[in-house]
Amino acid sequence: MIGWRGVMSALQEIRNRIAIGQFSELTDERLTFAEQLGVSGVQLNTPAISGERGYWEYSDLKSLKDKAEDRGLRLEALENVPIHFYDKAMLGLPGCDQQIENYQTTIANMGKAGIPILGYHWMPNGVWRTPSVSWRGGATVTSFDADLINV
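Residue numbers are given in this note's numbering: position 139 of the sequence shown equals residue 121, and the series is strictly consecutive.
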């Protein structure tokens, strides 16, 4: 059993960190931007890495982590695998057991590579979003207009 000091030491390791994310590639431009912001890490959404076997390979995941660490950043999390990695599992279709095994392989490979978090959604039709529009200064923003809803 660990004492109070052990608990406090462990809590120091999991303190809040600030990261930038929601992109699929670790480009030099994005990594430079992260450095300029002074964040400690990055997060990727459905990273653009090969998954020909229906899961992410350890070597590809390790390369992502190394690319971030080479710039002094931590790869905090990956959010979502490609839907074709688990669509049959979501819908109970033939091949679902193989997809579940492949998903387990992805999780194991992430752990081996030292990537601690995998976010996911369980929606066969993807994540729904409101549309993007051009706004002030040419920035792209999400929008919502109640007048466009057919009730």
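Yeah, the Cβ is synthetic: ideal placement off N, Cα and C, and Gly gets one too.
- For F126, the three-state secondary structure derived from DSSP is coil.
- Around the Cβ of F67, a 10 Å sphere holds 16 or more other Cβ atoms; the residue is buried.
- Rounded to whole angstroms, R12 and S6 show a C-alpha spacing of 11 angstroms.
- In this chain, the beta strand (DSSP E) harbouring E61 covers R56 to E61.
- Looking at the backbone, the Cα of G23 and that of G74 are separated by about 36 angstroms.
- DSSP places S41 in the uninterrupted alpha helix (DSSP H) bounded by Y40 to E51.
- DSSP places I2 in the strand class (E or B) of the three-state scheme.
- Counting of Cβ neighbours within 10 angstroms places W38 among the buried residues, the total reaching 16 or more.
- Secondary structure of L19 (DSSP, three-state): helix.
- Only residues of its own chain outside the window of five on either side were considered, and among them N27, T28, G101, Y102 and H103 have a CB closer than 7 angstroms to the CB of N62, listed in chain order.
- Contact annotation: the region 116 to 131 does not touch the region 84 to 95, with fewer than three C-beta pairs closer than 8 angstroms.
- In this structure, I31 and L46 form a Cβ contact; the two beta carbons are roughly 7 angstroms apart against a cut-off of 8 angstroms.
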